[in-house]
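Peer 1: Before I ask anything, here is the structure I am working with.
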Amino acid sequence: NAGVTQTPKFRILKIGQSMTLQCTQDMNHNYMYWYRQDPGMGLKLIYYSVGAGITDKGEVPNGYNVSRSTTEDFPLRLELAAPSQTSVYFCASSPRTSGVPLGDTQYFGPGTRLTVL
Amino acid sequence: AQSVTQLGSHVSVSEGALVLLRCNYSSSVPPYLFWYVQYPNQGLQLLLKYTSAATLVKGINGFEAEFKKSETSFHLTKPSAHMSDAAEYFCAVSDSTDKLIFGTGTRLQVFP
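Chains as they are written, first to last, in our numbering: chain A, 1 to 117; chain B, 1 to 112.
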């Protein structure tokens, strides 16, 4: 199993450009997450999905959009890049299957380092 | 609302010394607690987690953590540090919808 894969590894954008960060998992996990990591701030949840066709906002969703058409893929879209979106982005998935929180482990991808100039 | 506080953004130890990384949580319900490790330029990897079974939790690479409800703490320890333990460590609590709330991280340096 490859686990959670993310592309690209690095990207530099100009202000106002758009891009899609790709995330794919091969573990048949229902739950998927997007986080951003800023220095000294830990990880903040951007969006998450509990299954194909279902997405919801996390703590910091402004400036981002997501879709979930398949179990495997969970792309993150930046429409109008801003310097405040310079960050490292992590995708994660978990095997959670029920509505009851059970402390399921989240499995993380290697990250995408994005710089907006 | 759940929250996590990690005391000390940087911790330095000598190789062979005890590692102690502190984490205190705030939760209105019995929490699920996690420690993740991030090696340079990599994603996060689970070290261990507490899910209301044994209060002393053993993880990978010789790490362990003890859940202390009276102190609302979940400190991470390792008896003897190795150079390979140098990384950033994150404590996290799972909220009522199973989303993770992360602390701000502690960077561990290990000196020879």
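Where a beta carbon is used, it is the ideal one built from N, C-alpha and C, also for glycine.
Computed from a predicted model, the values in this text were never measured in an experiment.
Quick one: Cα of Val4(A) to Cα of Leu44(B), how far?
Peer 2: For this step, residue 4(A) is matched to residue 4 along the first sequence. For this step, residue 44(B) is matched to residue 44 along the second sequence. Rounded to whole angstroms, Val4(A) to Leu44(B) spans 11 Å at the Cα level.
Peer 1: Can you pull out the residues from the region 100–114 of chain A whose beta carbon lies closer than 9 Å to at least one beta carbon of chain B?
Peer 2: Answer in chain order: Val100, Pro101, Leu102, Gly103, Asp104, Thr105, Gln106, Tyr107, Phe108, Gly109, Pro110, Gly111 and Arg113.
Peer 1: CB Gly62(B) to CB Trp35(B), shorter than 9 Å?
Peer 2: Sequence index remark: in the second sequence, residue 62(B) carries index 62 (1-based). Sequence index remark: in the second sequence, residue 35(B) carries index 35 (1-based). No, the pair does not count as a contact, with Cβ atoms beyond the cut-off.
Peer 1: Given that a residue counts as buried once 16 or more other Cβ atoms are within 10 Å of its Cβ, and exposed if not, what is Thr24(A)?
Peer 2: On the first sequence, position 24 is the one that residue 24(A) refers to. Answer is buried; the Cβ neighbour count reaches 16.
Peer 1: Leaving out five residues before and five after Leu46(B) in sequence, what residues of the same chain have Cβ atoms less than 7 Å from its Cβ?
Peer 2: In the second sequence, the residue the question calls residue 46(B) occupies position 46. Excluding positions up to five away in sequence, the list reads Phe34 and Tyr36.
Peer 1: With a threshold of 8 Å, are at least 3 pairs of Cβ atoms found where one atom belongs to the region 49–68 of chain A and the other to the region 1–12 of chain B?
Peer 2: Touching, no.
Peer 1: Roughly how many angstroms separate the alpha carbons of Lys69(B) and Ser12(B), rounded to a whole number?
Peer 2: Here residue 69(B) refers to the residue found at position 69 of the second sequence. Here residue 12(B) refers to the residue found at position 12 of the second sequence. Between Lys69(B) and Ser12(B), the C-alpha separation is close to 27 Å.
Peer 1: For Asp26(A), does the count of other Cβ atoms within 10 angstroms reach 16, so buried, or fall short, so exposed?
Peer 2: Position 26 of the first sequence, counted from the first residue, corresponds to residue 26(A). Result: exposed.
Peer 1: Since I believe Gly42(A) is in contact with Gly103(B) (beta carbons under 8 Å), could you give me their beta-carbon distance rounded to a whole number of angstroms?
Peer 2: Residue 103(B) sits at position 103 when you count from the first residue of the second sequence. Residue 42(A) sits at position 42 when you count from the first residue of the first sequence. About 6 Å separates the two Cβ atoms, so the contact holds.
Peer 1: DSSP three-state label for Met83(B), please.
Peer 2: Locating residue 83(B) in the second sequence gives position 83, where the first residue counts as 1. Looking at Met83(B) - three-state DSSP - the assignment turns out to be helix.
Peer 1: Taking only three categories from DSSP, how would you classify Ser49(A)?
Peer 2: Indexing the first sequence from 1 puts residue 49(A) at position 49. If DSSP states are grouped into helix, strand and coil, Ser49(A) belongs with the strands.
Peer 1: Taking Tyr48(A) as the query, report the chain B residues whose CB atoms sit under 7 Å from its CB, ordered along the chain.
Peer 2: Here residue 48(A) refers to the residue found at position 48 when the first sequence is read from its first residue. Per Cβ cutoff of 7 Å: Lys99.
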